Amino acid sequence: MQGDFDRHRTVLARLHEKSQQERESNFIRIRRQQLGSMEARIAHTRKERPPILVTKNERRPTVALGWVPRQRTEPVPIRLDLEMDGYKLRDTLLWDLHDESLAAEDFAEFTCRDFDLPLSTFSPAIVKSIQQQLQEHREAANMLRNAGGPASLAGVRALVKLDITIGLLQLTDQIEWDLGESKNSPADFAVDYVRELALPVEFITAITNDIMEQVAHIRRALLLVGYSKDSNGTVRPHDPELQPLILPALKGTRRDPNTLNDFTPIILELDPVEVEKIEQSRDREARRKRRQTRGRRPVEGISMVNWTHISPPKTILTPLSYRGSLHRMLGRIEDDETTDSTTTRTTTRSRRSKK
1 MQGDFDRHRT VLARLHEKSQ QERESNFIRI RRQQLGSMEA RIAHTRKERP
51 PILVTKNERR PTVALGWVPR QRTEPVPIRL DLEMDGYKLR DTLLWDLHDE
101 SLAAEDFAEF TCRDFDLPLS TFSPAIVKSI QQQLQEHREA ANMLRNAGGP
151 ASLAGVRALV KLDITIGLLQ LTDQIEWDLG ESKNSPADFA VDYVRELALP
201 VEFITAITND IMEQVAHIRR ALLLVGYSKD SNGTVRPHDP ELQPLILPAL
251 KGTRRDPNTL NDFTPIILEL DPVEVEKIEQ SRDREARRKR RQTRGRRPVE
301 GISMVNWTHI SPPKTILTPL SYRGSLHRML GRIEDDETTD STTTRTTTRS
351 RRSKK
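All residue numbers for the sequence shown refer to UniProt numbering, where the first residue is 1 and numbers rise by one.
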């Protein structure tokens, strides 16, 4: 009796083991079929799916962004300073002259939507400003190319001044820049400069833009007004207003200790009231320079130089992260006078309201 029971239990165990093996085998077979079908669908999708085409606008050709060939880059400093319908927009950026993946019209539309600006008024103004500055860059580049390239200004050193305020942090400094050395990279210099001084990364673009902007305008001004060199090798522009920005010829590699303070960066932490005063002072200075430019008489045979660009710019940027600390500039504190409300991505956009 006990033997029959043991045999019966052994048979049941073998049947159970066989059934378990069959279930595992069937599961593996079905899983392989599923994986094979999935791989086939993925391969079919990759093979048959057409590329995504991004149409920029009706007037420009359709471009497949994934197929854009590698091409040389030529960054152009762009500065936006617009005030219309009670809004004020200030921005600095670098625009690649050879990049066709983004039109100025699209950029203007994105900017207006990001900052809640009136699209009908600001979009055409932004496009016009960008296109005008790009055209000026093309003319200056052609003029420099016809003169023999940057090498034609070999040994000419310019004084580049930095006056940048981002949020509550102000940086002032001045550097020497060789106008004849095309390998000097403002972007690389800005990255190292910001790293050494432990500044916020927002300063990289601002410093790069300021250096490129001043160098380009000084080169163009020298070629327009002309210059000569004295017996010491010092460049003498034919317009005396340009002379303070051109440094004398080097007599040695050691700097005069009396000038060390002039070439030392100064970093100040301001309060919102001081930032607002700086912005108001900048507006007054910009209006004064525009009046002086309109009052200048062009030299016979020489195109007019835009001296508002030659003068070192003051860049005032207000990131969104400073929104809480800039209540006064954001218009959240009532004032008897006109106040500016500011919201920006990398610069300033403000809306004025009289209380």
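For each residue, glycine too, the CB sits at the ideal point set by N, CA and C. Since the model is a prediction, treat every value here as computed from it, not as a measurement.
Measure the beta-carbon distance from residue i to residue j and round it to whole angstroms, keeping in mind my assumption that it falls under 8 Å.
i	j	result
valine 156	glycine 180	6 Å
residue 356	proline 265	Absent from the model: residue 356. The displayed extent of the chain is 1 to 355, so no value can be given.
valine 76	leucine 153	Not really, about 19 Å apart at Cβ, beyond 8 Å.
serine 123	proline 150	Not really, about 36 Å apart at Cβ, beyond 8 Å.
isoleucine 204	leucine 162	Actually they do not touch by this definition, with Cβ atoms about 12 Å apart.
leucine 89	phenylalanine 115	7 Å
threonine 92	arginine 113	Their Cβ separation, rounded to whole angstroms, is 20 Å, which puts threonine 92 and arginine 113 out of contact at 8 Å.
glutamine 174	leucine 159	6 Å
isoleucine 130	threonine 111	About 10 Å separates the two Cβ atoms, so there is no contact after all.
threonine 165	valine 273	13 Å between Cβ atoms; not a contact.
aspartate 96	glutamate 74	7 Å
glutamate 109	leucine 102	With 8 Å as the limit, glutamate 109 and leucine 102 do not qualify as a contact, their Cβ atoms being about 11 Å apart.
proline 244	isoleucine 211	Actually they do not touch by this definition, with Cβ atoms about 18 Å apart.
Spell out the partners DSSP gives residue i in its beta bridges.
i	result
leucine 171	Ile164 and Ile267
threonine 315	Ile164
leucine 134	None, per the DSSP bridge assignment.
methionine 143	Answer is none; methionine 143 lacks a bridge partner.
isoleucine 78	Leu93
isoleucine 126	According to DSSP, isoleucine 126 bridges with nothing at all.
glutamate 213	DSSP lists no partner for glutamate 213.
isoleucine 246	Ala158
Grouping DSSP H, G and I as helix and E and B as strand, with all else coil, what is residue i?
i	result
alanine 158	strand
lysine 277	helix
lysine 229	strand
alanine 13	helix
valine 235	strand
glutamate 83	strand
aspartate 262	helix
aspartate 256	coil
aspartate 178	strand
arginine 219	helix
lysine 18	helix
glutamate 285	helix
methionine 118	The residue asked about is misnamed: residue 118 is proline in this sequence, not methionine. Coil at proline 118, not helix or strand.
proline 200	coil
serine 152	helix
serine 101	coil
Go to residue i, then tell me how far its beta strand (DSSP E) extends in each direction, as first and last residue.
i	result
aspartate 188	Note, aspartate 188: premise wrong, no beta strand (DSSP E); alpha helix (DSSP H) at 186-197.
arginine 72	Per DSSP, arginine 72 belongs to no beta strand (DSSP E) and is neither H nor E.
leucine 93	87-96
Provide the residue span of the alpha helix (DSSP H) that contains residue i, from first to last.
i	result
aspartate 114	104-115
Taking 7 Å as the threshold (beta carbon to beta carbon), is residue i in contact with chain D?
i	result
alanine 103	Of the protein chains in this structure there is only one, and it is not chain D.
With hydrogens ignored, establish whether the beta-carbon of residue i is closer than 6 Å to any heavy atom of the ligand PLP.
i	result
leucine 223	Among the components of this structure there are no ligands whatsoever, and the ligand PLP is therefore not found.
Three Cβ pairs or more, each shorter than 8 Å: is that satisfied between the stretch 244-262 and the stretch 221-236?
Three or more beta-carbon pairs drawn from the stretch 244-262 and the stretch 221-236 are found closer than 8 Å, and the two stretches are therefore classed as touching.
Pair every Cβ in the stretch 268-282 with every Cβ in the stretch 184-199, then say whether three or more of these pairs are closer than 8 Å.
With the cut-off at 8 Å, the stretch 268-282 and the stretch 184-199 do not touch.
Are there three or more Cβ pairs, one per stretch, closer than 8 Å when the stretch 219-232 is compared with the stretch 71-91?
Per the Cβ contact rule, the stretch 219-232 is not in contact with the stretch 71-91 (fewer than 3 Cβ pairs under 8 Å).
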